[in-house]
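Residue numbers (my numbering), protein chains in the order written: chain A, 1 to 214; chain B, 1 to 214.
Okay, so here's the structure we're looking at.
There are 2 protein chains.
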Amino acid sequence: MSAINNIPEKTIERLSEYRRTLLSCHKQGITHIFSHVLAGMHGITAVQVRRDLMLIGFSSDTKKGYDVKVLIEFINNILDSENPINIAIIGMGHLGQAITKYFNSKGLKLHIVAAFDVDEQKVGSEIEGIPCYHMEQFEDVVSQLDISIVVISSPTRVAPSLVIPIINAGIKGVLNFTSAPLNFPQGIVSQNFDITTTLEKVAYFVKEGDESNT
Amino acid sequence: MSAINNIPEKTIERLSEYRRTLLSCHKQGITHIFSHVLAGMHGITAVQVRRDLMLIGFSSDTKKGYDVKVLIEFINNILDSENPINIAIIGMGHLGQAITKYFNSKGLKLHIVAAFDVDEQKVGSEIEGIPCYHMEQFEDVVSQLDISIVVISSPTRVAPSLVIPIINAGIKGVLNFTSAPLNFPQGIVSQNFDITTTLEKVAYFVKEGDESNT
Numbered sequence: 001m002s003a004i005n006n007i008p009e010k011t012i013e014r015l016s017e018y019r020r021t022l023l024s025c026h027k028q029g030i031t032h033i034f035s036h037v038l039a040g041m042h043g044i045t046a047v048q049v050r051r052d053l054m055l056i057g058f059s060s061d062t063k064k065g066y067d068v069k070v071l072i073e074f075i076n077n078i079l080d081s082e083n084p085i086n087i088a089i090i091g092m093g094h095l096g097q098a099i100t101k102y103f104n105s106k107g108l109k110l111h112i113v114a115a116f117d118v119d120e121q122k123v124g125s126e127i128e129g130i131p132c133y134h135m136e137q138f139e140d141v142v143s144q145l146d147i148s149i150v151v152i153s154s155p156t157r158v159a160p161s162l163v164i165p166i167i168n169a170g171i172k173g174v175l176n177f178t179s180a181p182l183n184f185p186q187g188i189v190s191q192n193f194d195i196t197t198t199l200e201k202v203a204y205f206v207k208e209g210d211e212s213n214t
Numbered sequence: 001m002s003a004i005n006n007i008p009e010k011t012i013e014r015l016s017e018y019r020r021t022l023l024s025c026h027k028q029g030i031t032h033i034f035s036h037v038l039a040g041m042h043g044i045t046a047v048q049v050r051r052d053l054m055l056i057g058f059s060s061d062t063k064k065g066y067d068v069k070v071l072i073e074f075i076n077n078i079l080d081s082e083n084p085i086n087i088a089i090i091g092m093g094h095l096g097q098a099i100t101k102y103f104n105s106k107g108l109k110l111h112i113v114a115a116f117d118v119d120e121q122k123v124g125s126e127i128e129g130i131p132c133y134h135m136e137q138f139e140d141v142v143s144q145l146d147i148s149i150v151v152i153s154s155p156t157r158v159a160p161s162l163v164i165p166i167i168n169a170g171i172k173g174v175l176n177f178t179s180a181p182l183n184f185p186q187g188i189v190s191q192n193f194d195i196t197t198t199l200e201k202v203a204y205f206v207k208e209g210d211e212s213n214t
């Protein structure tokens, strides 16, 4: 597959979102969709949709709009690896379980294949259909199961201690749900996804809206 | 409180993050911190930290660095409302429970005070210390408990049907964790926070990194 380089992060996010909408359209038997309809479903402009699809080299707009099935295939080729990507969850509390359940029911090319915890009640058992290992086994299991991405849903205070094991195990991508900002060396893609920050941000703009209305 | 207008969204996010780091420093007995140290803990430059703090009018940098306690108070004045903000969770599955537990243990000015679900097992009981109501009671409870923000952690297929009740109840802010992009009219602050998109994005950049290395 030829990689198209330098696609902006925001376009990648929107392609992922378009694909989910298109898959849902496809399920409902919709064969074609206009750019402005797809745009409306995402609360953005048709120009934005067309620009994103131009960036990935998709241009088969017809009088009936985009062919839903063809566009899904096209986005698959951009976003997906040829091989499934294996993911591990570190911290199998409520959040880890929610993510696993949610994710593995979707039939994506990304599979959560293992969980890690230090709770003896969890270690050695299967939770949401995947085996839970002790954190001490991290490096070995990552290598055996060919895991390349981890999701951190541990308590925040534990998160900084995970950086070294993650680097040592050769992990390539990290999605961090804790409130501890984690820094990884170049070569490891990491994304902090902090719920508190987002909720505080919403609250701030709600407050500002109130004040500007009075 | 005087509102400082037009603070960029990204600055608000970072202020929330700085505050958590500063609170943790304060707990450890650290009284002063240099901008480059604070910056390093967040993986950004000292220039960025200084620019953010300048934007909110904070400039009491001394030879010992920023006074941690004073800076926390300063950020509190920007981010927090004078009154606590009440939040409801819609969808009290694993994710809703994880968010509630995580959030209400933090001692923030934001309080999750109610949950909504349609599962008869949950309705009428207390989960993670908060009462769970049937979605039919949504408007009444929002008004009684003075709820201004909702967190949507329902199944994705349910999410679009929540838009009208949320508008009708007079909710001001929405944090949407489902994969359904939701559009609200002006006056309602909404933020989509989609786990699938973020994980697909990390996977894409991991793949691209691999391909550019080979």
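Every residue, glycine too, gets a C-beta built ideally from N, C-alpha and C.
- At a beta-carbon threshold of 9 Å, none of the residues of chain B lie near F116(A); the nearest stands roughly 17 Å away.
- For a cut-off of 8 Å, the C-beta gap from I164(A) to I188(A) is around 12 Å, too long to register as a contact.
- Inside the region 140–192 of chain B, DSSP marks whole beta strand (DSSP E) runs of 3 or more residues at positions 147–152, 173–176 and 189–192, from first to last along the chain.
- Against chain A, the CB of M92(B) has no partner CB under 8 Å away; the residue lies outside that interface.
- Going by C-alpha positions, A180(B) is about 9 Å away from D194(B).
- For S35(B), not one C-beta of chain A is nearer than 8 Å to its own C-beta.
- When DSSP reads this structure, C25(B) sits in no beta bridge, so it has no partner.
- A direct Cα-Cα distance of roughly 19 Å separates N183(A) from F138(A).
- Contiguous alpha helix (DSSP H) elements confined to the region 73–106 of chain B occur at 94–104, taking only those with 4 or more residues.
- Distance from the Cα of H26(A) is smallest, within the candidate group Y66(A), K10(A), M135(A) and S59(A), for Y66(A).
- In the DSSP assignment, H111(A) falls within the beta strand (DSSP E) that extends over L110 to D117.
- Taking one beta carbon from each stretch, the region 100–118 of chain B and the region 127–135 of chain B have 3 or more pairs nearer than 8 Å; the two touch.
- Distance from the CA of S148(A) to the CA of L199(B), rounded to the nearest whole angstrom, comes to 12 Å.
- Taking a beta-carbon distance threshold of 8 Å, T62(A) does not count as an interface residue toward chain B.
- Chain order gives no chain A residues near Y133(B), where near means a beta carbon separation below 9 Å; the closest approach is about 20 Å.
- By a beta-carbon distance limit of 8 Å, I87(A) does not contact V118(A). Their separation comes to about 19 Å.
- The C-beta distance from L38(B) to V49(B) rounds to 5 Å, short enough to meet the 8 Å contact threshold.
- Within chain B, no residue has its beta carbon less than 7 Å from that of Q28(A); the closest one is some 12 Å off.
- In the three-state scheme derived from DSSP, where H, G and I count as helix and E and B as strand, E136(A) is classed as helix.
- Around the Cβ of R14(A), a 10 Å sphere holds 16 or more other Cβ atoms; the residue is buried.
- Listed in chain order, the non-local C-beta contacts of F74(A) below 6 Å within the same chain comprise F58, local neighbours out to five positions each way being set aside.
- Contact check for Q191(B) against N176(B) passes: the beta carbons are separated by less than 8 Å.
- If you draw a 10 Å sphere on the C-beta of M54(B), you find fewer than 16 other C-beta atoms in it, and that means exposed.
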